[in-house]
Amino acid sequence: MQITIIGSGYVGLVSGACLAEVGNDVLCLDLDGQKIQMLNAGKIPIYEPGLEAMVVRNQAAGRLRFTDNIHEAVMHGVIQFIAVGTPSGEDGSADLQYVIAAARNIGRYMTDYKVVVGKSTVPVGTGDKVSAAVKDELTKRGEITQFSMVSNPEFLKEGAAIDDFMRPDRIVIGAEDARAIELMRTLYAPFQRNHGKLLVMDIKSAELTKYAANAMLATRISFMNELANLAEILGANIEHVRHGIGSDPRIGYHFLYPGCGYGGSCFPKDVKALLKTAKDEANINLKVLRAVEEANDTQKHVLTQKIKSIFGENLTGLHFALWGLAFKPDTDDMREAPSRVLIADLLNAGATVTAYDPVAIQEAQHIYKGEDRVRFASSPMAAVEKSDALVIVTEWKEFRSPDFNTIQQLLLKPYVFDGRNLYDPNLVRDAGLNYISIGRQ
34 MQITIIGSGY VGLVSGACLA EVGNDVLCLD LDGQKIQMLN AGKIPIYEPG
84 LEAMVVRNQA AGRLRFTDNI HEAVMHGVIQ FIAVGTPSGE DGSADLQYVI
134 AAARNIGRYM TDYKVVVGKS TVPVGTGDKV SAAVKDELTK RGEITQFSMV
184 SNPEFLKEGA AIDDFMRPDR IVIGAEDARA IELMRTLYAP FQRNHGKLLV
234 MDIKSAELTK YAANAMLATR ISFMNELANL AEILGANIEH VRHGIGSDPR
284 IGYHFLYPGC GYGGSCFPKD VKALLKTAKD EANINLKVLR AVEEANDTQK
334 HVLTQKIKSI FGENLTGLHF ALWGLAFKPD TDDMREAPSR VLIADLLNAG
384 ATVTAYDPVA IQEAQHIYKG EDRVRFASSP MAAVEKSDAL VIVTEWKEFR
434 SPDFNTIQQL LLKPYVFDGR NLYDPNLVRD AGLNYISIGR Q
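First residue of the sequence shown: 34, per the working numbering; consecutive thereafter.
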């Protein structure tokens, strides 16, 4: 099938590469000429395990191409995926200007039947706005060309996006005409050979499904973080509690890990957007979700509170080693990352920082350009050397089994603050380190 992907960011690039991988003819559009040059040279602007090799492989096979020519892109695909960004506005609403602009470009240049597919995460009702924008442009041209509107939200985890796309748990299709549904069934047939995973529903339900999924996962995280804070005060061990409730099949173990808050490009933005949609469109205050957001904002300061409980409110003259900058492992994404809140807190209290991350240092150097109180190390132990304490913020695999005796020797003061509960407390303390984690005394 001939497919156009409008927007060559995270979702667009992963979707385009995976669709090309199974034999489709994919053309990815982006208006950033520099990004297109990079992609055509076989380099990708984001970090995602396995993505660069997949892009290069499909480019070489002629199944995946990149362009900044809007007319070429619209003419190419029968299926037109809109995968542009929907950043949060100042009021928390999703900014749809790029989505609507993409829809208008389709209407401006299309000459035959198209399936317009919303892949971006958008508020309920966006499908109607996209359809109206396409129709408006067709009317301006005096055209009566037919098209179908589909919502096909993505459920990709950063760090595991290729596996999520190639072996999906479910494929949600919001559509209301048979022709579009059949084309989408054909498109996704290679990804569900074992058993059917396609869930067909109306467009608004598909749009809400995406927000509901992320809101539910965010809720589990905030709930466990609040329980962890309670367990710590009461003298319970949150890891024991986690196993106790996770063994219940009605609850399960996923997203029950306590920590220092969620971040990234999805959960914070989508929670805000769903709260805004509920208030503006339905005059409903989603009290549970509001509490989820507030709990997460508070949790991002929990490591600061633990550090100050040991060293005092004024951290002037103290230097901290940070392990982990990305909001989660296997990505370089630092949007809304807990590390950024922690670093800001430490700097405001007078401290300095040396940070290490396997892939996010380049992104961090851009964020902290000109900030000489934040330095970066080439290895975990290089960050630890001559620091007053070690703070673990992201649960990268390479942090799971460090040499605690070496850490004890390199630190000026024997303190480890673990925001992800990576270690057995007894093992760390046997090395002569004071170990402070989340939800465990």
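For glycine and all other residues, C-beta sits at the position ideal for the given N, C-alpha and C.
So which of Ala74, Tyr295 and Ile271 has the shortest CA-CA distance to Asp457? Ile271
Label Ala321 either buried or exposed according to how many other C-beta atoms from any shown protein chain fall within 10 Å of its C-beta, with 16 as the threshold for buried. The question names Ala, but residue 321 is Val in the sequence shown. With fewer than 16 Cβ atoms within 10 Å of its Cβ, Val321 is classed as exposed.
So, Leu481 versus Leu444, is the Cβ gap smaller than 8 Å? This structure does not reach residue 481, given that the chain is present from 34 up to 474, and the question cannot be answered.
Can you round the beta-carbon distance between Lys309 and Asp124 to whole angstroms, since I take them to be within the 8 Å contact cut? 6 Å
According to DSSP, residues forming a beta bridge with Phe99: Cys61
Any beta strand (DSSP E) of 3 or more consecutive residues that is wholly inside the region 76-154: 97-100, 112-115 and 147-151
Are the beta-carbon atoms of Ile254 and Tyr286 separated by less than 8 Å? no
In three-state DSSP terms, what is Ile278? helix
Euclidean distance between Cα positions of Val449 and Gly75: 41 Å
Where Lys339 falls, given that 16 or more other Cβ within 10 Å makes a residue buried: buried
How would you call Asp451, buried or exposed, if buried means at least 16 neighbouring beta carbons within 10 angstroms? buried
Thr159 - partner residues in DSSP beta bridges: Note: Thr159 sits in no beta bridge, so no partner.
Tell me whether Asp436 sits in a helix, a strand or coil according to DSSP, three-state version. coil
Considering Cα atoms alone, identify which of Asn318, Cys61, Gln130 and Ser298 is closest to Arg368. Ser298
C-alpha distance - Ala116 paired with Ala222, whole-angstrom precision: 21 Å
Buried or exposed for Lys173, please, with buried defined as at least 16 other CB atoms from any protein chain shown within 10 angstroms of its CB. exposed
Considering only the alpha carbon of each residue, which of Met414, Arg433, Leu455 and Lys430 lies closest to Gln441? Met414
For Gln35, count neighbouring Cβ atoms within 10 angstroms of its own Cβ and tell me buried if that reaches 16, exposed if not. exposed
Taking the straight line between their C-alpha atoms, what separation do you get for Gln113 and Val107? 7 Å
Expected contact under 8 Å - CB spacing of Glu259 and Ala328 to nearest Å: 5 Å
What's the gap between the Cα of Gly268 and the Cα of Asn454? 16 Å
When the Cα atoms are used, what is the spatial distance from Phe198 to Ala377? 36 Å
Separation of Thr159 from Cys51, as counted between CA atoms: 25 Å
Is the beta carbon of Gly28 sitting closer than 8 Å to the one on Thr427? Limits of the chain in this structure are 34 at one end and 474 at the other, which puts residue 28 out of reach.
If distances are taken between C-alpha atoms only, which option among Glu105, Leu232, Gly56 and Ile79 comes closest to Leu97? Gly56
Thr10: buried (16+ other C-beta within 10 angstroms of its C-beta) or exposed? Not covered by the structure: residue 10. The range shown for the chain is 34 to 474.
For the beta strand (DSSP E) containing Arg212, name the first residue and the last one. Careful: Arg212 lies outside any beta strand (DSSP E), inside the alpha helix (DSSP H) at Ala211 to Tyr221.
Can you name, in chain order, every residue of its own chain whose Cβ lies under 7 Å from the Cβ of Glu209, other than the five neighbours on each side? Asp235 and Ile236
Pick out the complete alpha helix (DSSP H) segments inside the region 354-420, 4 residues or longer, and give them in chain order. 371-381, 394-400 and 413-417
Apart from the five residues on each side of it in sequence, which residues of its chain come closer than 7 Å, Cβ to Cβ, to Ala393? Leu358, Ala359, Asp365 and Met367
Does the region 75-94 come within contact of the region 120-137, defined as at least 3 CB pairs closer than 8 Å? no
Quick check: what's the CA-CA separation for Arg408 versus Thr387? 5 Å
What are the boundary residues of the beta strand (DSSP E) that Asn467 is part of? Asn467 to Ile469
I'd like the list of long-range same chain contacts for Leu250, defined as Cβ closer than 6 Å, with 5 residues on each side in sequence excluded. Phe288
Using a threshold of 8 Å, state whether the C-beta atoms of Ala245 and Ile206 are closer than that. no
For Gly383, I'd like the list of residues in its chain whose CB is within less than 8 Å of its CB, leaving aside the five on either flank, ordered along the chain. Asn347, Leu348, Thr349, Gly350 and Leu351
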